[in-house]
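Residue numbers (my numbering): 12 to 292. Cβ coordinates follow ideal geometry from the N, Cα and C atoms, glycine included.
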C-alpha cells in the first residue's frame, strides 16, 4: 500500500555535506535511493521537523532553485518544505501541485450538493485549519483516524490508551458546537477496532467507539461506522477526502481506509465528483 518517492537529496552522504566537502555537479542514477513515504529525511535529521534554519540553509546550498510538487506534504513547516524556500529564489509550486490545487478548489468552490468531506489522521492539531474551513463549506463531515478519540474524551467517554491531545479537548468541543450551529452533519465513528498494543500482530476486537477499555487503543473504524459513513456518502454529489481512517500501515487495521476508498470509487462510477489528497499525519 505504500507509495514510493525519491528522498530529498538522493544519497545520504550528499544530503548535507560537511564544511569543505564538494557538492556533486552530477548525480548518477545509481546514486539515487528510493525510500517509502514513512522513511523520509526526518529519519536521519532531527533538524528537519524542527525547521532548523541552519539545516534549511545547508539543504538550500545544494540547489539553485526550489520546486515543491508534493501537495501532500506542502502544509508541513519543515526544513525541506517551508525552511528551504526562504533561502532559494525562485521557490515555486510545480505543475502537479497546481493541478491538484485547481482540482480541489474546483471541488469546493462551486460544488454539486450535498457536499461531504471525510477527514482522518492522528491529530486534531494537524487538521484544525482543514476542519474549520470545511465547516464553512460542507453539508456532511465524517471524521476518522486517531483524532476522533480527542473528540470522545472531550465528551467524557472512555478511550482507553487511544491517542488524545489533552490540550485540544476544548477545541474539539467547539468544533462540534460549530458544526451544529452551521447545520453541518458531523459524524464520528460508532465502533472501532481496538488493539492491546501498537503493532501489526496485536490482539484486536471490535467495541463501541465511546467505550474503549483501559489498556486498549483504537486503531481503525469498523462495520457499523463503515455502513453509516457509506449511507451518508450515498446522499452526496461531491466528496472530498483527506487522511486515513485507521493505522492502514498494518493490514489488520486497514479495512476502514480501504472501505472508504472503495466507496469513493463506486460513487465516482455513478457520477459523484470525488477528490482525495494525502497528508500526514
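Where does residue i sit, in a helix, a strand or coil, going by DSSP?
| i | result |
| --- | --- |
| residue 279 | helix |
| residue 285 | strand |
| residue 246 | coil |
| residue 163 | helix |
| residue 108 | helix |
| residue 37 | In this prediction, residue 37 has a pLDDT of 48, which is less than 50 and means its spatial position is unreliable; what the coordinates show is noted afterwards. Coil. |
| residue 199 | coil |
| residue 95 | helix |
| residue 146 | coil |
| residue 229 | strand |
| residue 130 | strand |
| residue 213 | coil |
| residue 119 | helix |
| residue 192 | helix |
| residue 72 | coil |
| residue 257 | coil |
| residue 113 | helix |
| residue 180 | helix |
| residue 64 | helix |
Answer with buried or exposed for residue i, where buried requires no fewer than 16 other C-beta atoms within 10 angstroms of its C-beta.
| i | result |
| --- | --- |
| residue 124 | exposed |
| residue 164 | buried |
| residue 177 | exposed |
| residue 138 | buried |
| residue 173 | buried |
| residue 200 | buried |
| residue 122 | buried |
| residue 72 | exposed |
| residue 247 | buried |
| residue 243 | buried |
| residue 214 | exposed |
| residue 120 | exposed |
| residue 279 | exposed |
| residue 192 | exposed |
| residue 150 | buried |
| residue 74 | exposed |
| residue 186 | buried |
| residue 197 | buried |
| residue 76 | exposed |
| residue 274 | buried |
| residue 209 | exposed |
| residue 145 | buried |
| residue 107 | exposed |
| residue 111 | buried |
Which residue or residues does DSSP assign as beta-bridge partners of residue i?
| i | result |
| --- | --- |
| residue 77 | 102 |
| residue 169 | 222 |
| residue 206 | 215 and 228 |
| residue 153 | 129 and 198 |
| residue 139 | BP columns for residue 139 are empty, so no partner. |
| residue 271 | Its beta-bridge partners do not exist; DSSP assigns none. |
| residue 251 | 128 and 286 |
Quick one: is the Cβ of residue i within less than 7 Å of any heavy atom of the ligand MN?
| i | result |
| --- | --- |
| residue 270 | The ligand content of the structure shown is nil, which means the ligand MN is not present either. |
Could you give the C-beta distance for residue i and residue j, rounded to a whole number, given that I count them as a contact under 8 Å?
| i | j | result |
| --- | --- | --- |
| residue 152 | residue 128 | 5 Å |
| residue 256 | residue 131 | 5 Å |
| residue 195 | residue 249 | In fact, because the Cβ distance is near 14 Å, the residues do not count as touching under 8 Å. |
The stretch 190-209 in contact with the stretch 221-235 per 3-pair CB rule at 8 Å
Touching, yes.
If contact is defined by three or more beta carbon pairs under 8 Å, each pair taking one atom from either stretch, is the stretch 153-163 in contact with the stretch 251-268?
yes
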